[in-house]
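Protein chains in written order, with my numbering: chain F, 1 to 113; chain R, 114 to 224.
Heads up, the beta-carbon is just placed ideally off N, CA and C, and yes, glycines get one too.
None of the values given here were measured: they were computed from a predicted structure.
To keep things clear, I will list the structure first and then write my remarks on it.
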Amino acid sequence: KQEVTQIPAALSVPEGENLVLNCSFTDSAIYNLQWFRQDPGKGLTSLLLIQSSQREQTSGRLNASLDKSSGRSTLYIAASQPGDSATYLCAVRSTSGTYKYIFGTGTRLKVLA
Amino acid sequence: SQTIHQWPATLVQPVGSPLSLECTVEGTSNPNLYWYRQAAGRGLQLLFYSVGIGQISSEVPQNLSASRPQDRQFILSSKKLLLSDSGFYLCAWSAQVEKLFFGSGTQLSVL
């Protein structure tokens with residue numbers, strides 16, 4: 001059974017810092033991994049999708065990497081801004097023939113001005 | 114472009130009352146559709162997913178049910194709500210590009 005863990009659960013950093021959020025999964029047989037952002041009381045917004053054959057994806061100040069063999073992904077945020085404050089979640093889709101996405105519990109990020 | 118609509122945004126219901134949450138997707142055909150629930154301070158729990166009209170897979174035994182009467186319509190229902198049904202309900206869809214897109218969510222409070 002696939003399990004997804006995100007550490008730390010919460011993080012506070014001063015504005016301008018580069019930071020790394022971590023996502024671990026127990027079963028390396030994944031189809032893809034996706035990172036999301038969730039603002040309080042809102043739905044999830046897709047940030048980056050990494051297919052199993054890819055090592056990383058970049059969008060603006062965001063860079064996500066994938067190491068399938070070790071069951072890990074990281075989301076790197078460069079030059080953090082107060083507007084980056086949100087909860088970040090990762091989700092994996094396993095290659096078990098279903099369409100299920102299993103989510104981690106998220107990292108709550110606060111960027112201080 | 115594709116959009117997903119979910120309503121209502123908030124709902125307060127008494128214990129034992131029925132529930133119906135609706136989700137529709139525009140701009141795509143034959144999407145995979147999902148219902149997730151997010152309890153306060155917890156991760157997303159997959160409740161149901163559907164790969165086609167009338168095809169529903171249930172992930173968690175509970176007093177909720179889902180139906181897909183049309184290709185781009187997904188409905189979450191309950192005949193009698195429990196206190197434990199309170200939470201933030203999210204509808205989502207995915208297509209061949211595999212990205213998962215979410216609606217804006219429904220905050221359900223059962224009192």
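Measure how close the beta-carbons of residue i and residue j come, nearest whole angstrom, since I'm counting them as under 8 Å.
i        : j        : result
F:Tyr99  : R:Ser207 : 7 Å
F:Glu15  : F:Ser73  : At roughly 25 Å, the Cβ-Cβ gap does not stay under 8 Å, so F:Glu15 and F:Ser73 are not in contact.
R:Gly156 : F:Gly104 : 6 Å
R:Leu134 : R:Tyr202 : 6 Å
R:Cys204 : R:Gln119 : 5 Å
F:Gln2   : F:Asp27  : 5 Å
R:Gln216 : F:Gly60  : With the sequence shown as reference, residue 216 of chain R is identified as Gly, and Gln is not the correct amino acid for it. Their Cβ separation, rounded to whole angstroms, is 24 Å, which puts R:Gly216 and F:Gly60 out of contact at 8 Å.
F:Leu89  : F:Val13  : With a Cβ gap of about 18 Å, F:Leu89 and F:Val13 do not count as contacting.
F:Gln6   : F:Asn22  : 7 Å
Which residue or residues does DSSP assign as beta-bridge partners of residue i?
i        : result
F:Arg108 : F:Ala10, F:Thr87
R:Val128 : DSSP lists no partner for R:Val128.
R:Ile117 : R:Val138
F:Val4   : F:Phe25
F:Thr98  : In DSSP, F:Thr98 forms no bridge with anything.
R:Gly165 : R:Gln168
R:Phe133 : In the sequence as displayed, the identity of residue 133 of chain R is Ser instead of Phe. Paired residue(s): R:Ser190.
F:Arg93  : F:Asn32, F:Tyr101
R:Ser222 : R:Val125
R:Gln158 : R:Arg150
F:Ser65  : F:Glu56, F:Thr74
Under three-state DSSP, which class holds residue i?
i       : result
F:Ser70 : helix
Under 7 Å: does the beta carbon of residue i sit that close to some heavy atom of the ligand NAP?
i       : result
F:Lys42 : Summarising the ligand content, the structure contains no ligands, and the ligand NAP is consequently not present.
Please confirm whether residue i has its beta-carbon closer than 8 Å to some beta-carbon of chain C.
i       : result
F:Tyr88 : In the structure shown, chain C cannot be found, because the protein chains are F and R.
Query raised in the report: Which runs of the beta strand (DSSP E) fall wholly inside the region 172-213 of chain R and span at least 3 residues, in chain order?
Result: 177-183, 186-191, 200-207
Query raised in the report: Taking one C-beta from the region 140-158 of chain R and one from the region 123-132 of chain R each time, how about it: are there three or more such pairs within less than 8 Å?
Result: no
Query raised in the report: Between the region 84-92 of chain F and the region 134-144 of chain R, are three or more C-beta pairs nearer than 8 Å?
Result: no
Requested in this report: Kindly confirm or deny that the region 89-109 of chain F and the region 178-188 of chain R touch, where touching means at least three C-beta pairs closer than 8 Å.
Outcome: no
**Report entry** the region 45-61 of chain F / the region 25-35 of chain F touching (three or more Cβ pairs under 8 Å)
**Finding:** yes
Query raised in the report: Unbroken beta strand (DSSP E) runs of length 3 or more, entirely within the region 18-63 of chain F: which are they?
Result: 19-25, 30-38, 44-51, 56-59
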